[in-house]
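Take a look at the structure:
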């Protein structure tokens, strides 16, 4: 069951909770994403990182795991790729049509959902060709 679940739906859902939370999670998505945390470094410099940066980092980490999962060629992975495509389409529609979604953070989350979909199908096709030994001439 876990293999069916596209991991990049997690940051999309988190962003939706922030945007639609109605004050329950957060009432100002722009302010929340822009809020910075200052982290001191050994060099004496300080690194200012925003909540939006953390969401992008989470999305990148989940994209990494999705790409690793794409190397399997079972039916569950094909369903996962279809659900990943659906996740991208939902994110695209939200980005284009809904208030609060036209941010760089959500754009990058949406772009990574697209990369997940494209990479998933591409890697699965290459892995399937390798598994079936398609396109290779015998010796």
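Residue numbers (my numbering): 82 to 220. Just so it is clear, CB atoms sit at the ideal spot from N, CA and C, and this is done for glycine as well.
Contact annotation: residue 92 and residue 190 have beta-carbon atoms nearer than 8 Å. The residues 93, 190, 191, 194, in chain order, have a CB closer than 7 Å to that of residue 172 in the same chain once the five nearest residues on each side in sequence are set aside. Rounded to the nearest angstrom, the Cβ distance from residue 152 to residue 90 is 20 Å, too far for a contact under 8 Å. Within the same chain, and ignoring the five residues on either side of residue 164 in sequence, the residues whose Cβ sits closer than 8 Å to its Cβ are 85, 86, 87, 90. By a beta-carbon distance limit of 8 Å, residue 136 contacts residue 96. Their separation comes to about 7 Å. For the pair residue 115 and residue 181, the CB atoms are not nearer than the 8 Å cut-off. According to the DSSP assignment, residue 168 belongs to the alpha helix (DSSP H) that extends over 156–178.
The Cβ atoms of residue 128 and residue 141 do not sit closer than 8 Å to each other. Residue pairing from DSSP leaves residue 124 without any beta-bridge partner.
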